[in-house]
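Note that the working numbering has the sequence shown beginning at 379, numbered continuously upward. Glycine is no exception: its CB is placed at the ideal position from the N, C-alpha and C atoms. Working notes for the structure below.
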Amino acid sequence: MSQVERYWIDPSRLVQEGWHQDDTCVVKDWAYDRVVAERDALQALLTAADERADALEVLLRKSKVAVDDMAENCEDQADWELAGSMRRLSQHIDAELGPAKATPDFRMIGTEKMQPMEYDEP
C-alpha cells in the first residue's frame, strides 16, 4: 500500500493555477485517521479469527486421530455399530479438512449481470 504524505494547504491555493480541484485528491486529516483506525481494527479482528481457525483445525485433526483409534479398537459385535458411526465421523472430518472448494460469488460488485440501460435520445 502506498504511503500517504501530509501537507498543510491553504484553501485558497487549491483554486490557484496548478491546483485544479479535479486533478487533486484532498482528504481531511481527521477522516484519513478514522479510516486508518478502522482498517487497523478490522485487520486485528481478521488476524484473531485466522488464529482461532488454525487452533480449531489442529484440535479437529487430533480428534480425528482419537476417533480412528477408537474405531479400530472395537472388538466385540456390540461395538461394531459404534465403530461404523466413528468411521462415518472420520470420513466427515476428512471431507472438512480437505482443500476448500472455491465457488464464484457473482454478487460481487462488477461481476453481476447488469440490466441494459436506457438512454433518452437527444
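Would you tell me roughly how many angstroms separate the C-alpha atoms of residue i and residue j, rounded to the nearest one?
i, j, result
"D428", "E453", "40 Å"
"K479", "A433", "21 Å"
"S441", "M448", "11 Å"
"Q381", "R412", "16 Å"
"Q421", "V405", "22 Å"
"A444", "A473", "17 Å"
"E435", "R465", "19 Å"
"V414", "R430", "24 Å"
Is the Cβ-Cβ distance between residue i and residue j less than 8 Å?
i, j, result
"V446", "S463", "Inspection of the sequence shows that residue 446 is occupied by Asp rather than by Val. It is not a contact, given that the beta carbons lie outside the stated cut-off."
"L437", "I471", "no"
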